[in-house]
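Participant:
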Amino acid sequence: MDKFTIINENNKINIIIDKIKIFYGKNYSLKKRIIANLEQALTKNSSSEYAKNTYKEIDLNINDQKINTSQFEIYKITSDFDIDSDLKLGTKSLCQKYLEKKLENLEYNDLYNTIKELLKIFDMEYLSNNTNMQLSLSNLNFQTGDLEIKQFIKLIKPKLIENDLEKNYFDLTYEELIEYQLNMIYEIAKDNDKTHIIIIDTHLTKNLFNKILNINEANIKFIILQNLYNDNIKLADYILINNKILDLADEENINTFIFEELPFHLEPNEINEIFIEYLKNNKTSKVIELFNVL
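Under my numbering, the residue at position 54 of the sequence shown is numbered 54, and the numbers go up by one with no gaps.
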């Protein structure tokens with residue numbers, strides 16, 4: 001478990017996360033604000049003039065320690081992911097990061113090095129002869145230059161194939177769009193020292209939830225904005241975000257909330273049960289009272 005503490009002036013929000021954290025609740029604007037603050041802190045994006053005068057600077061501690069933001073990567077998985085458009089995002093492109101990871105040893109590939117040598121021959125035997133412009137003291141010609149790996153990656157285009165037929169973005173199913181993103185991030189994070197935080201703000205089917213649960217890389221953490229209960233998700237993996245914020249992994253905070261704010265008594269063995277009923281949206285009398293307090 002890691003404790004993420006988002007600090008905004010004198011306000012602190014603690015999020016205790018192992019592998020998954022479900023942002024559960026009806027206060028969607030607060031969920032989005034927390035995500036925006038987290039993203040800003042991890043990407044070193046400077047605050048706007050408005051934010052500096054309204055929210056102040058955002059800081060982030062993990063396990064009560066200052067962080068090195070270079071050791072973190074943050075991703076957003078969406079239902080409108082478009083591979084072609086993503087590739088145009090440059091350094092922010094998920095596809096480009098995936099290709100850079102998969103081709104990180106390309107410089108040792110004989111075929112790649114042959115292509116580089118052929119381009120040099122092309123420069124000398126064709127481009128130099130056909131583009132040369134002579135002046136009295138100098139001449140101008142054009143060359144492809146040395147083909148670096150990042151330049152080579154920019155030449156790569158995606159191609160979707162099914163049953164020997166080419167597909168495009170519009171042919172993909174909803175689950176395929178999400179799975180392609182999950183798979184690319186998994187490959188990027190594998191055998192990597194950085195912590196990779198994946199934010200999912202779209203509906204997850206049972207199959208997609210199961211796929212996430214089967215990802216066992218220790219350096220991948222999921223933040224999921226979804227108001228659905230899943231039997232395979234631990235109670236401690238939920239944080240309730242309504243008028244109040246209550247992290248169900250924070251036992252001290254839960255006990256304080258129960259004994260100081262709940263209008264009814266709970267035995268220790270009833271605590272988990274009532275929160276499960278709340279997450280399942282079973283409107284018993286106690287759940288309704290709990291909802292009103294939250």
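In this text, a Cβ means the ideal position worked out from N, Cα and C, and glycines have one as well.
1) Do glutamate 187 and tyrosine 98 count as a contact pair if the criterion is CB distance below 8 angstroms?
2) Within 8 angstroms of any Cβ in chain C, is that where the Cβ of lysine 286 sits?
3) Within a Cβ cutoff of 7 angstroms, which residues of the same chain sit near leucine 30, ignoring the five residues on either side of it in sequence?
4) Could you say if the region 186-205 and the region 71-87 meet the contact criterion of at least three C-beta pairs nearer than 8 angstroms?
5) Is DSSP giving threonine 78 helix, strand or coil here?
6) State the start and end residues of the unbroken beta strand (DSSP E) segment that holds asparagine 11.
7) Apply the 10 Å Cβ neighbour rule to leucine 204 and answer buried if 16 or more other Cβ atoms are within range, or exposed otherwise.
8) Buried or exposed for glycine 25, please, with buried defined as at least 16 other CB atoms from any protein chain shown within 10 angstroms of its CB.
9) Based on the DSSP output, what are the partners of aspartate 237 in its beta bridges?
10) Runs of 4 residues minimum, wholly inside the region 156-223: which ones carry the alpha helix (DSSP H) assignment?
11) In three-state DSSP terms, what is tyrosine 229?
12) Between which two residues does the beta strand (DSSP E) containing phenylalanine 23 stretch?
13) Alpha carbons only, please: which of Asp84, Lys101, Gln143 is nearest the one belonging to proline 158?
14) Rounded C-beta distance between glutamate 176 and asparagine 207? I'm assuming under 8 angstroms.
Facilitator: Quick answer:
1) By one-based count along the sequence shown, residue 98 stands at place 98. By one-based count along the sequence shown, residue 187 stands at place 187. Cβ distance < 8 angstroms, so tyrosine 98 and glutamate 187 count as in contact.
2) The chain labelled as chain C is not found in the depicted structure, where only one protein chain is given.
3) For the purposes of this step, residue 30 is taken as residue 30 along the sequence shown, with counting starting at 1. Result list for leucine 30: Ile241, in chain order.
4) yes
5) Against the sequence shown, residue 78 aligns to sequence position 78. Here threonine 78 sits in coil by DSSP.
6) As a working note, residue 11 is residue 11 in the sequence shown. Element bounds for asparagine 11: 11-17.
7) Position 204 of the sequence shown, counted from the first residue, corresponds to residue 204. Label assigned to leucine 204: buried.
8) The residue labelled residue 25 in the question sits at position 25 within the sequence shown. Label assigned to glycine 25: buried.
9) Position 237 of the sequence shown, counted from the first residue, corresponds to residue 237. Answer by DSSP bridge pairing: none, since aspartate 237 is not bridged.
10) 174-189, 206-213
11) Here residue 229 refers to the residue found at position 229 of the sequence shown. Coil, per DSSP.
12) Counting from one through the sequence shown, the residue named residue 23 turns up at place 23. Start and end: 20-24.
13) The residue you call residue 158 lines up with position 158 of the sequence shown. If we check each option's Cα against that of proline 158, Asp84 comes out closest.
14) Along the sequence shown, one-based indexing puts residue 176 at 176. Along the sequence shown, one-based indexing puts residue 207 at 207. Actually they are not in contact, since the Cβ atoms of glutamate 176 and asparagine 207 sit about 11 angstroms apart, beyond 8 angstroms.
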